[in-house]
Structure formats: C-alpha cells, structure tokens
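Protein chains: 2
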Amino acid sequence: MATSLEFWFDFASTYSHVGALRIEEECRAAGVLLVWKPFLLGPLFTAQQGIKDSPFNVQPVKGRYMWRDVERLCAKHDFPWRRPTVFPRNSILAARVACAGEGQPWLGDFIRGVFLANFAEDRDISDPSMLSKLLKGLGVDPEPVLERAVTAENKAKLRANTEQAEALGIFGAPNCVIGGELFFGQDRISDAIAWALADART
Amino acid sequence: MATSLEFWFDFASTYSHVGALRIEEECRAAGVLLVWKPFLLGPLFTAQQGIKDSPFNVQPVKGRYMWRDVERLCAKHDFPWRRPTVFPRNSILAARVACAGEGQPWLGDFIRGVFLANFAEDRDISDPSMLSKLLKGLGVDPEPVLERAVTAENKAKLRANTEQAEALGIFGAPNCVIGGELFFGQDRISDAIAWALADART
C-alpha cells in the first residue's frame with residue numbers, strides 16, 4: 001500500500017527551513033506522499049518547558065550552536081541563508097495561510113517562499129502584504145486565501161494541528177511522522193523516508 | 001595534511017552509545033584519526049540549565065521520544081540495546097579509566113564495552129569490579145589502570161576535559177569536533193567526517 005509522510009513544521013523554526021526546502025523533492029524521489037503539517041511551537045514550549053521564547057534564546061549555548069549549524073547546513077545543501085534580525089518571528093498568519101492552502105497545488109511553493117522570506121531575505125513573515133505578494137507571485141489570487149486564513153474555521157484548524165502535535169509527542173521542529181511514528185529533526189528525514197517505504201511494504 | 005576528529009562523549013548518554021559503537025569504524029574507513037574525549041555532562045547541565053538530572057528525565061516529552069528513538073537507531077545499526085533500569089548511571093569512574101587509557105590500544109574496545117554494559121546488559125558501570133573484569137577480558141591487567149584512574153593527576157584530566165567541552169560550546173553528547181568546529185549528535189557523524197576530510201585538503 002502507498003504510504004504518506006507528514007512534515008510538521010513552524011515557519012519560525014530555523015531547522016524547519018533546512019528541512020522544508022528539501023522535503024518535497026526527497027519524498028517525490030522516494031515515491032512517498034508528502035503531507036504538510038503547519039503548527040505552532042510556541043504553545044508547546046510554554047506547556048512543556050514553561051518558556052515564552054525560543055529555547056535557542058533561553059539557552060544561549062544552544063543558540064550559538066544552532067546559528068552556526070544552520071549556516072553550515074544551508075551551505076551543504078546549497079540553500080540560501082541569512083541570519084534574520086528578528087528571531088523567532090511571529091509565524092501565526094503564515095501558518096494559517098498554509099492551513100487554508102491545504103491540498104492546493106501552490107502550497108509547497110508558498111511554504112518554501114515563506115521560509116526563504118524569513119531565513120534568506122530577512123523579511124517580516126507576519127506582514128499580510130508580504131504574504132499577499134508571495135501568493136500573487138505564485139499566480140494565486142491572494143484576497144480569498146487571506147480571507148479564508150482568518151476565518152474561525154481555519155484558525156481552529158491550526159489550533160487542532162498544534163494540539164495534535166502535542167499528542168504525537170512533538171517538542172520541537174521539524175518532524176516527520178509516519179503512522180504515528182515520530183522522527184524529530186531535519187537530520188532524520190532520510191530515516192523517516194526509509195521508515196515510510198518499509199511501512200508501505202507491510 | 002592528515003586530520004583528526006575528536007569524539008566527545010559521556011558513558012551515561014544513550015546517544016553516545018549509538019555514536020561510540022560506530023565512530024571508530026567510520027573514521028577508519030574514511031582515513032580520519034579518531035581521538036576519544038570522555039567528559040561529564042552533569043556539570044554542564046547544572047551550569048547551563050540549572051538541573052541536577054538528565055534533561056530526558058526533567059522533560060518527559062523529550063525522554064519518551066529519546067527512548068523510542070534510541071531503540072529504533074540501535075535496530076537500524078544492528079547494535080545491541082536494552083533500556084537500562086537506572087538512567088543516567090554514574091559515569092565518573094568509567095570516564096576516569098578512559099582518561100587513564102589515553103593512547104592505549106585497548107581504549108576503543110574498553111569504551112564500547114562500557115557502553116554495552118550500560119545500554120545492552122543493564123549493568124552498573126560505576127562498579128570497579130565490573131570495570132576490572134572488562135579490562136581483564138581485553139587482556140589488560142586491571143589493577144594498575146584502576147589505580148592510575150583515581151590519581152589526582154588523572155582526575156584533573158577528566159575535569160579539564162569537561163571544562164574544555166564547555167569552552168567548545170558543548171551542551172549535550174555525543175559531539176564530533178574538528179579543529180574547534182562542533183557537530184552535535186550521533187546523526188551528524190557523517191557531516192563531521194566530511195568536514196574533517198575537507199579540512200585535511202586545505
């Protein structure tokens with residue numbers, strides 16, 4: 001049976017940038033169906049660690065390593081990278097747009113566009129006009145999408161994703177999930193794809 | 001020029017088990033010189049996070065993931081694994097023996113033996129008689145080694161390693177370090193080896 005891999009990410013997360021830029025291509029090459037799963041890390045950090053900021057800001061030794069490591073990973077994969085002047089950026093509107101775009105053919109390009117805006121162009125991803133221009137550049141009429149993004153129904157969808165992330169045992173980003181099996185970190189994408197393929201054979 | 005890779009580990013660390021069992025073989029295959037660097041995570045966790053226990057115990061959501069992940073990683077690499085009944089185990093004596101064995105031909109086998117005792121045989125690695133039997137099994141006279149392990153000079157060596165780990169920006173284990181460049185986590189061993197080889201060409 002064919003199997004699918006869920007990619008759980010937050011637009012504010014640096015390691016999600018490194019994963020998001022390559023996950024679709026890696027899944028396609030392996031013949032695994034990709035399902036984008038936007039969620040918010042903030043509520044999880046607060047619930048699990050009692051913090052209101054990124055752990056990379058709260059624990060400077062981890063932050064220093066992360067900034068160097070992400071720079072190095074982007075160089076390795078030949079991904080654009082510029083350390084943003086604001087971290088973490090507010091990712092809620094962008095995540096709502098990604099929820100509103102579920103199943104749309106432009107979703108992958110939109111997601112990569114938001115990550116590049118945040119982590120290669122140092123732009124404010126919470127700005128509706130930035131997101132609007134990004135959608136327009138993908139040939140999508142932005143108004144109806146941005147309107148749908150802020151409906152009660154769509155806001156509830158993002159909240160439900162975040163609650164499901166917590167139920168799955170997620171505590172960071174990005175993650176790959178295959179039938180409830182959780183792989184944390186961009187460095188485990190190939191393990192996750194191998195798991196998905198093995199899962200499909202059973 | 002030939003280059004070397006330092007493997008910084010703590011015998012109490014589950015992910016160090018997964019890294020330690022394969023680092024020597026991977027370095028040998030790549031033609032990179034391996035340098036074992038035992039240190040203690042405990043003082044770093046206390047200094048950096050204000051905790052007196054493993055973060056995997058302090059943050060249960062991370063602990064639950066880690067136990068599942070390590071089991072899965074050991075299955076992938078075909079490494080023996082049994083979840084220990086005590087975690088984290090006191091690793092100070094074993095680390096002192098590893099310091100005392102610096103440069104000895106039996107050091108790699110001793111290190112792997114301690115990890116297997118802790119994470120495959122569920123044995124107390126702080127027990128001198130266990131370490132003594134392990135050394136004897138490797139054809140090493142244990143008495144002089146265990147005596148050297150607890151000299152003031154050798155204790156200072158382990159303390160110096162731990163201080164150097166902190167100075168390198170280490171906050172967990174295992175790590176690969178090449179000329180000050182830090183790679184955290186067993187999942188980054190191949191990146192570290194690639195870095196060491198590139199470093200050797202410059």
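Protein chains in written order, with the numbering used here: chain A, 1 to 202; chain B, 1 to 202. The beta carbon of each residue, even a glycine, is placed where N, CA and C say it ideally should be. These numbers were taken from a predicted model, which means no experiment stands behind them.
What does residue i touch in chain B if you count any residue whose Cβ is under 9 Å from its own?
i	result
residue 65 of chain A	169, 170, 171, 182 and 184
residue 104 of chain A	In chain order: nothing, as chain B lies at least about 31 Å away.
Run the CB neighbour count on residue i, radius 10 Å, all protein chains shown included, and call it buried at 16 or more, exposed below.
i	result
residue 83 of chain B	exposed
residue 202 of chain B	exposed
residue 57 of chain B	exposed
residue 51 of chain A	exposed
residue 190 of chain A	exposed
residue 103 of chain B	exposed
residue 42 of chain A	buried
residue 188 of chain B	buried
residue 85 of chain B	exposed
residue 38 of chain B	buried
residue 162 of chain A	buried
residue 157 of chain A	buried
residue 76 of chain B	exposed
residue 89 of chain B	buried
residue 150 of chain A	exposed
residue 165 of chain B	buried
residue 69 of chain B	buried
residue 152 of chain B	exposed
residue 167 of chain A	exposed
residue 196 of chain A	buried
Output needed for residue i: all residues of its chain with C-beta closer than 7 Å, excluding positions within five of it in sequence on either side, in chain order.
i	result
residue 184 of chain B	172 and 175
residue 111 of chain A	20, 36 and 98
residue 179 of chain A	199
residue 154 of chain B	96, 99, 100 and 148
residue 291 of chain B	Nothing can be reported for residue 291 of chain B, as the shown portion of chain B is limited to 1 through 202.
residue 120 of chain A	80, 81 and 82
residue 67 of chain A	83
residue 63 of chain B	56 and 57
residue 45 of chain B	51 and 55
I'd like to confirm the pairing. Which residues does DSSP put opposite residue i in its beta bridges?
i	result
residue 209 of chain A	The structure shown does not extend to residue 209 of chain A, since chain A is modelled only from 1 to 202, so the question has no answer here.
residue 102 of chain A	According to DSSP, which records beta bridges pairwise, residue 102 of chain A is partnered with nothing at all.
residue 178 of chain B	B:181
residue 54 of chain B	None, per the DSSP bridge assignment.
residue 4 of chain B	B:33
What residues from chain A crowd round residue i, counting only those whose CB sits closer than 7 Å?
i	result
residue 62 of chain B	171
Excluding the 5 residues flanking residue i on each side, which residues of the same chain have their C-beta closer than 8 Å to its C-beta?
i	result
residue 193 of chain A	5, 26, 27, 30, 32 and 176
residue 128 of chain B	93 and 146
residue 35 of chain A	4, 5, 6 and 7
residue 107 of chain A	36, 98 and 101
residue 87 of chain B	12, 14, 54, 56 and 57
residue 71 of chain A	81 and 83
residue 16 of chain B	9, 10, 115, 173, 174 and 186
residue 138 of chain B	106, 109, 110 and 113
In chain order, what residues of the same chain have a beta carbon less than 6 Å from the beta carbon of residue i, not counting five sequence neighbours either side?
i	result
residue 73 of chain B	18
residue 114 of chain B	11, 94 and 125
residue 142 of chain A	132, 135 and 136
residue 117 of chain B	123 and 125
residue 159 of chain B	none
residue 91 of chain A	10, 11 and 12
residue 24 of chain A	34 and 108
Starting from the beta carbon of residue i, find every residue of chain A whose beta carbon is closer than 9 Å, and list them in chain order.
i	result
residue 187 of chain B	185, 187, 188 and 191
For residue i, go through chain B and note every residue whose CB falls closer than 8 Å to its CB, in chain order.
i	result
residue 59 of chain A	48, 49 and 171
Heavy atom of the ligand GDP less than 7 Å from the Cβ of residue i, yes or no?
i	result
residue 158 of chain B	As for the ligand GDP, it is missing from this structure, which has no ligand bound.
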